[in-house]
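Colleague:
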Amino acid sequence: MFGLCLGVAGSIWAQMPAEQITLSWTHTIEKIRWAEDYRILPNGFILEQARVKGSGAGMEIPADAVLKNGSWHYQPKLPVLPMLKLGRTPEAGDYRLCVSSANTEQQCHPMSFWVGEPTAAQPSIELWACDMQD
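Read left to right, the sequence shown gives residues 251 to 384 (the numbering used here).
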């Protein structure tokens, strides 16, 4: 079974069974909420849907986006992403990570729940698909 690993440079800080994840955060300048839904594959992540509450600096809403429940929903056209590298500093706030699989209910927590608070000494974290049988 594949799951989600979190860490840096292949060093696992946390891992959990997951087939899908949602990452959400608040844009540091515009203070607008953003969310992305990913499906986990053995070779990486497929970004299935993204949502943003509004536009602003670096947050252009795609032409095919649809406004639903106060957020713009769209489906980015990206290849499989082998890894997600997230910037994470105390000043920017934390990500919210939701994980779900066929065998577990969705769990949503700040990223710090799994890997501790963001620090200036470690300003990023990596997410990748991993074999949970290891």
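For glycine and all other residues, C-beta sits at the position ideal for the given N, C-alpha and C.
Source: prediction; values computed, not measured.
Rounded to the nearest angstrom, what separates Asn293 and Pro326 at their Cα positions?
Modeller: Numbered from 1 along the sequence shown, position 43 holds the residue referred to as residue 293. Numbered from 1 along the sequence shown, position 76 holds the residue referred to as residue 326. Distance between the alpha carbons of Asn293 and Pro326: 18 Å.
Colleague: Per DSSP, Ile337 forms a beta bridge with which residues?
Modeller: Here residue 337 refers to the residue found at position 87 when the sequence shown is read from its first residue. Position check: residue 337 holds Gly in this sequence, whereas Ile was assumed. Ser374, per the DSSP bridge assignment.
Colleague: Is the stretch 329-342 in contact with the stretch 311-319, if contact means three or more CB pairs nearer than 8 Å?
Modeller: no
Colleague: Using 8 Å as the threshold, is the C-beta distance between Trp263 and Leu256 below it?
Modeller: Residue mapping note: residue 263 aligns to position 13 of the sequence shown, counting from 1. Residue mapping note: residue 256 aligns to position 6 of the sequence shown, counting from 1. Against a cut-off of 8 Å, the Cβ pair of Leu256 and Trp263 comes out as a contact.
Colleague: Ordered along the chain, which non-local residues of its own chain (more than five positions away) have a Cβ less than 6 Å from that of Tyr288?
Modeller: As a first step, residue 288 is located in the sequence shown; it is residue number 38 there, counting from the start. The residues are Ile271, Phe295 and Leu297.
Colleague: Going by beta carbon distance, what residues of the same chain come within less than 8 Å of Ile375, once the five residues before and after it are set aside?
Modeller: Translated into the one-based positions of the sequence shown, residue 375 becomes position 125. Once the five neighbours on either side are set aside, the close Cβ partners of Ile375 are Leu256, Gly257, Val258, Trp263, Lys335, Leu336, Arg338, Met361 and Val365.
Colleague: Return yes when the Cβ of Pro368 is within less than 8 Å of the Cβ of Asp344, no when it is not.
Modeller: Start at 1 with the first residue of the sequence shown, and residue 344 comes out as number 94. Start at 1 with the first residue of the sequence shown, and residue 368 comes out as number 118. Between Asp344 and Pro368, the C-beta gap is smaller than 8 Å, which places the two residues in contact.
Colleague: Under a three-way DSSP split, which group does Ala300 fall into?
Modeller: Along the sequence shown, read from residue 1 onward, the residue named residue 300 stands at position 50. It is a strand residue.
Colleague: Ala379 bridges to which residues according to DSSP?
Modeller: Mapped onto the sequence shown, residue 379 falls at position 129. Paired residues: Leu254.
Colleague: Return the CA-CA distance between Lys281 and Gln299, expressed in angstroms with no decimal places.
Modeller: Working through the sequence shown from its first residue, we reach residue 281 at position 31. Working through the sequence shown from its first residue, we reach residue 299 at position 49. Those two C-alpha atoms are separated by around 20 Å.
Colleague: Starting from the C-beta of Ala268, find all residues in its chain whose C-beta is less than 7 Å away, skip the five residues before and the five after it, and write them out in chain order.
Modeller: Reading the sequence shown from its first residue, position 18 is the one you call residue 268. Result list for Ala268: Gly253, Leu254, Ile290, Val349, Ser350 and Ser351, in chain order.
Colleague: If you run the structure through DSSP and keep just helix, strand and coil, what is Ala285?
Modeller: Stepping through the sequence shown from its first residue, residue 285 is reached at position 35. If DSSP states are grouped into helix, strand and coil, Ala285 belongs with the strands.
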